[in-house]
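Each residue of the sequence shown is one higher than the last, beginning at 0 in numbering that gives the first Met the number 0.
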Amino acid sequence: MTHKRLTNGLKEYLECEVLLTSFFREVNFCFPECLSKPIGKYRAKMEMPGDPTTFSGNIGCCPYDGWDICNNEWLANRSLLNSERLNIYGAPDEKPGRCGYHAEKGCTLDTHRAPTCLAYACSDFRIFVSQNYGIRYNWEDIEETLENILAGNISDWKSIWFKKRLKAFSSRVKSRKA
Ligand code: SF4
Ligand code: SF4
């Protein structure tokens, strides 16, 4: 894995991050429907204190360190992402029961989130965008593509196609709201 390939991969990845962040902002579901509520939308069977299947809204879907999750084996491919994040934002706080980058209104990272953090959307969010905007949001598929982009493992045309798809999500939300 060359440094140049990882540098290019990170550049492409950060462009995708802008597009995905814009999509989530346009949808505007997480804060009003989850983070500001006593009980949030995130459900998981985990070894957590209290009810293992529900979380208070202000935790969102960040009860653990998402920035540190690697579902695939390409941890080394994240080295640039991780080191740049550390330089820009510093180390996460130690916060029991939630990710160290999480605050009351959500993630404090404006950029350099991990692929899981960028892509994940709970089932309520996915149902909402499907019913309101006709968008089929497959977060696992998006996460995998982001991993590949970060690693410099996908072709230029596929990267362009993926970014077009992300732009189309936002455009669709905007046009349905207009
Ligand atoms: S994706 Fe779902 S669980 Fe996560 S913050 Fe948004 S509404 Fe809450
Ligand atoms: S880095 Fe941000 S999005 Fe990821 S788990 Fe932490 S608070 Fe949530």
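Virtual Cβ for every residue (Gly too), placed ideally from N, Cα, C. The structure presented is a predicted model; accordingly, all values stated were derived computationally and were not measured.
Check your understanding: Do the CB positions of G105 and G59 come within less than 7 angstroms of each other?
Key -> Start at 1 with the first residue of the sequence shown, and residue 105 comes out as number 106. Start at 1 with the first residue of the sequence shown, and residue 59 comes out as number 60. Yes, they are a contact pair.
Check your understanding: The alpha helix (DSSP H) spanning A118 covers which residue range?
Key -> In the sequence shown, residue 118 corresponds to position 119, counting from 1. Run containing A118: P114 to A118, per the alpha helix (DSSP H) assignment.
Check your understanding: For C33, is the beta carbon positioned less than 6 angstroms from some heavy atom of ligand 1?
Key -> Residue 33 sits at position 34 when you count from the first residue of the sequence shown. C33 Cβ: within cutoff of ligand 1.
Check your understanding: Which residues in the same chain as K94 place their Cβ atom closer than 8 angstroms to its Cβ, once the five residues preceding and following it in sequence are excluded?
Key -> For the purposes of this step, residue 94 is taken as the residue at position 95 of the sequence shown. Excluding residues within five positions, the ones whose Cβ falls inside 8 angstroms are H101.
**Study point:** F124 CB to nearest heavy atom of ligand 4 below 6 angstroms
**Key:** Looking for ligand 4 in the displayed structure turns up nothing; the ligands present are ligand 1 and ligand 2.
**Study point:** Contact set for P37: own chain, Cβ-Cβ below 7 angstroms, skip 5 residues either direction
**Key:** In the sequence shown, the residue the question calls residue 37 occupies position 38. S55 and G56.
Exercise for review: Could you tell me the distance, in whole angstroms, from the CA atom of F22 to the CA atom of S154?
Suggested key: Mapped onto the sequence shown, residue 22 falls at position 23. Mapped onto the sequence shown, residue 154 falls at position 155. Cα-Cα distance, rounded: 24 angstroms.
**Study point:** Extent of the continuous alpha helix (DSSP H) to which K10 belongs
**Key:** The residue you call residue 10 lines up with position 11 of the sequence shown. Start and end: H2 to V26.
Exercise for review: Hey, could you find the ends of the alpha helix (DSSP H) N131 is sitting in?
Suggested key: Stepping through the sequence shown from its first residue, residue 131 is reached at position 132. Element bounds for N131: S122 to Y132.
Review point. Is there contact here, the region 143-162 with the region 119-130, by at least three beta-carbon pairs under 8 angstroms?
Key: no
Exercise for review: Could you tell me the distance, in whole angstroms, from the CA atom of R164 to the CA atom of Q130?
Suggested key: In the sequence shown, residue 164 corresponds to position 165, counting from 1. In the sequence shown, residue 130 corresponds to position 131, counting from 1. Near 18 angstroms, if we compare the C-alpha coordinates of Q130 and R164.
Practice item. Examine ligand 2 and report whether any of its heavy atoms sits within less than 6 angstroms of the Cβ of C29. Key: Here residue 29 refers to the residue found at position 30 when the sequence shown is read from its first residue. No, the Cβ of C29 stays beyond 6 angstroms of every heavy atom of ligand 2.
Exercise for review: Quick one: measure Cβ to Cβ for L79 and L9, integer angstroms, because I've assumed they're closer than 8 angstroms.
Suggested key: Residue mapping note: residue 79 aligns to position 80 of the sequence shown, counting from 1. Residue mapping note: residue 9 aligns to position 10 of the sequence shown, counting from 1. That pair is a contact at about 5 angstroms.
Check your understanding: When burial is assigned at 16 or more other CB atoms within 10 Å of the CB, is H2 buried or exposed?
Key -> Taking the sequence shown and counting its residues from 1, one reaches residue 2 at position 3. Exposed, because fewer than 16 other Cβ atoms sit within 10 Å of the Cβ of H2.
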